[in-house]
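A quick write-up on the structure given underneath.
Chains as they are written, first to last, in our numbering: chain U, 1 to 360; chain B, 1001 to 1371.
Okay, here's the thing in structure tokens:
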């Protein structure tokens, strides 16, 4: 429940990039005969609205309304005096204060779209009932789920998003590098990560820690503190200007174990091998077995309102909507002869002939 | 997890199971997410940090939870080995299936703030409002373990404000102040903090997430810090001046301090939240600033504290919720002042049988950071 820097640089994300994303959505809406699309945003689910408008709520909630033509309208459950700040960090046609968000949305739709038309809702199933109820009561027969439609245009990433991801990856890498040598406690690690990442401009920092890697590789959220073992693992998810990456790295008090070098080499090869035609680290290609047992892995990307969702992984069905050029984060865990080993890194998914591009 | 946290979990469970028995609820289904994790924390002592989460609590047995991410599932299994934890990329559909599998048992769904559309239009939809009200009643009045956690959170907020003052230096961007405070809280084992701030002069109308604006001499720098201890949030609001305060800033502080003291004086068992708001607003009206306690310039005159940063009751004149011992809230007459800009000043308090205990220890003054 934290937010760091929220700002919009027109150089990093030109308005034309956001216009182009909205236009892609509007093209699909027209093809699907949608009279409007509704996209919800909150602290927990900020990514779709941020991708379309650069707006990220530091608290509260909002609903983006997109018509087949024209600029998006944001109904924000913030007080009026926050609207100026919202306008300063986002690219919108209109912003309205809407403390009773669902009711305001129902009235607004009636006002702007009085004739019956199909209204697409991103992740309709998940729309909070407080927001959904007034809309559902008013236009029940016209609401359709637009999750697939949105996912079909969300990836691949454009150049602006890849640049933001590179910056996020750099922030994360520098934060991991800022952990002092010889730290003894989880709180020292977490404090160093927060300080470094937020001073570098991170919007959000989400750390998990396996404090004693030899004993347990589970990445934990910390309330309180714990002593660190001789080996520990850190996973750090970082958002920069609403673009999320996830990285993970292991640390050892006694220098880099030889087994970790081999694991890192294999991991790099495995990451490069991922492509739109191969979302699997299993089965392994001939001649490149991992230096241990691959115990878990995930490939995550953004397709909707959640920053990172599972695209593929151990125990998960692969999605079919992650084309070449998609921005993704690979996380994996190996069981080596001398204990568990974790790695995570962002990448741009390759094609059948082109390897994935690693961002760290 | 601390011993106190373990006590709080057991206390909450006992109260919740008794309430379920009174209402003849066999299974309670509680929805949550990283923003609205309060009801999940109360019911099952879990805090999701990514994705949806749905808990199933029966009057007996260990409880079950469905989450959206395998890493979250692994983490929760590690935190509470007795829990039945599963994950699904479609947790809402999975929860719907699990509810259906419960057959003819009496099932209730909550809270209104986190229940998704798909579950609300199902057979449990009519249970959402009464079950949310039941949980709200339980969560408003804090047990001794809960109050202990809030006391520690308030003490941490006091320390956090010292870190904030140290961080507020000429030329630094707003986000650097947040970086320093977050690093401080992490160094104290604090996993969550809600913080907003503002800086500048008369042009500043509120607080927000930090920007790249750099502090200049004469700025009023406002902040609201809300660290979390064992799941419970306490808040402090203070304003500082970069350099020596002007006469106008000193005059404004005197009004806000008078309003805060009036609000705190009004906090006692039997008073309403509305009376606490009115006591603060009357001070502004007496000083000819009544316009600035309207919705045009401010949101609330305080709010409940607990497992959520902005809980019930909202301290507004029209709110008739009656205060009872064990309730915790922040009293904050935060609003715009026409001479100096947005100004904040607030303390966390506990309603006691005798009246009110102020949990915040930081002095009530207009802080000044030397240039």
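For glycine and all other residues, C-beta sits at the position ideal for the given N, C-alpha and C.
Fair warning: this is a prediction, and the values are worked out from it, not measured in the lab.
Shown in chain order are the members of the stretch 1116-1135 of chain B whose Cβ falls below 9 Å from a Cβ of chain U: 1116, 1117, 1118, 1119, 1120, 1121, 1125, 1128. When secondary structure is reduced to three states using DSSP, residue 233/U falls in the strand class. Per DSSP, reduced to three states, the secondary structure at residue 145/U is strand. When 108/U, 330/U, 115/U are compared, the shortest CA-CA separation from residue 75/U is found for 108/U.
At a cut-off of 9 Å between beta carbons, residue 1195/B contacts chain U. For the set 12/U, 138/U, 48/U, the Cα lying nearest the Cα of residue 22/U is the one of 48/U. Among the residues facing chain U, residue 1163/B is not included, as its CB has no counterpart in that chain under 9 Å away. Contact check for residue 1369/B against residue 1221/B passes: the beta carbons are separated by less than 9 Å. For residue 1246/B, the closest Cβ of chain U is not nearer than 9 Å.
Of the residues assessed, residue 69/U falls on the exposed side of the cut-off, its CB having fewer than 16 other CB atoms within 10 angstroms. Between residue 5/U and chain B, the shortest Cβ-Cβ separation is below 9 Å. Excluding five sequence positions before and after residue 1159/B, the CB atoms of its chain that fall closer than 8 Å to its own CB belong to 1184, 1188, given in chain order.
As DSSP reads the structure, residue 1087/B sits in a beta bridge with 1067/B. Looking at the DSSP output, residue 1322/B bridges to 1272/B. Partner residues in the beta bridge of residue 1329/B, as assigned by DSSP, are 1304/B, 1349/B. Against chain U, the beta carbon of residue 1070/B has neighbours under 9 Å at 296, 298, 310, 313, 314, 315, 316, listed in chain order.
Excluding sequence positions up to five before and after residue 1191/B, its CB lies within less than 7 Å of the CB of 1228, all in the same chain and listed in chain order. Within a 10 Å sphere around the beta-carbon of residue 1322/B sit fewer than 16 other beta-carbons, which makes this residue exposed. Linking residue 98/U to residue 1233/B through their CA atoms gives a straight-line distance of about 26 Å. Leaving aside the five residues that flank residue 166/U on each side, the residues in its chain whose CB is nearer than 6 Å to its CB run, in chain order, 359. Counting C-beta atoms within 10 angstroms of its own C-beta, residue 1129/B has fewer than 16 neighbours from the protein chains shown and is therefore classed as exposed.
Interface criterion met: the Cβ of residue 222/U is under 9 Å from a Cβ in chain B. Annotated three-state conformation of residue 1030/B is strand, per DSSP. Beyond the five residues adjoining it in sequence on each side, residue 1171/B comes within less than 7 Å, by CB distance, of 1214, 1215 in the same chain, given in chain order. With contact defined as three or more Cβ pairs closer than 8 Å, the stretch 1305-1312 of chain B and the stretch 1287-1296 of chain B are not in contact. For the C-beta of residue 1049/B, the chain U residues within less than 7 Å are, from N- to C-terminus, 206, 221. Contact annotation for residue 1033/B against chain U: 44 [CB-CB distance below 7 Å, chain order]. Look at the stretch 1167-1235 of chain B and you find these whole runs of beta strand (DSSP E), each 3 residues long or longer: 1193-1200, 1220-1229. Assigned with DSSP and collapsed to three states, residue 302/U falls in coil, not helix or strand. Between residue 1027/B and the set 1039/B, 1168/B, 1057/B, 1182/B, the nearest pair of CA atoms involves 1057/B. Only residues of its own chain outside the window of five on either side were considered, and among them 1036 have a CB closer than 6 Å to the CB of residue 1113/B, listed in chain order.
Residues of the same chain with a CB within less than 8 Å of the CB of residue 337/U, apart from the 5 flanking positions on each side, are 259, 292 in chain order.
For the stretch 1333-1358 of chain B, no residue has a beta-carbon sitting nearer than 7 Å to a beta-carbon of chain U. Among the residues facing chain U, residue 1094/B is not included, as its CB has no counterpart in that chain under 9 Å away. In the DSSP assignment, residue 88/U falls within the unbroken alpha helix (DSSP H) covering 83-89. The C-beta distance from residue 1116/B to residue 1092/B rounds to 5 Å, short enough to meet the 8 Å contact threshold.
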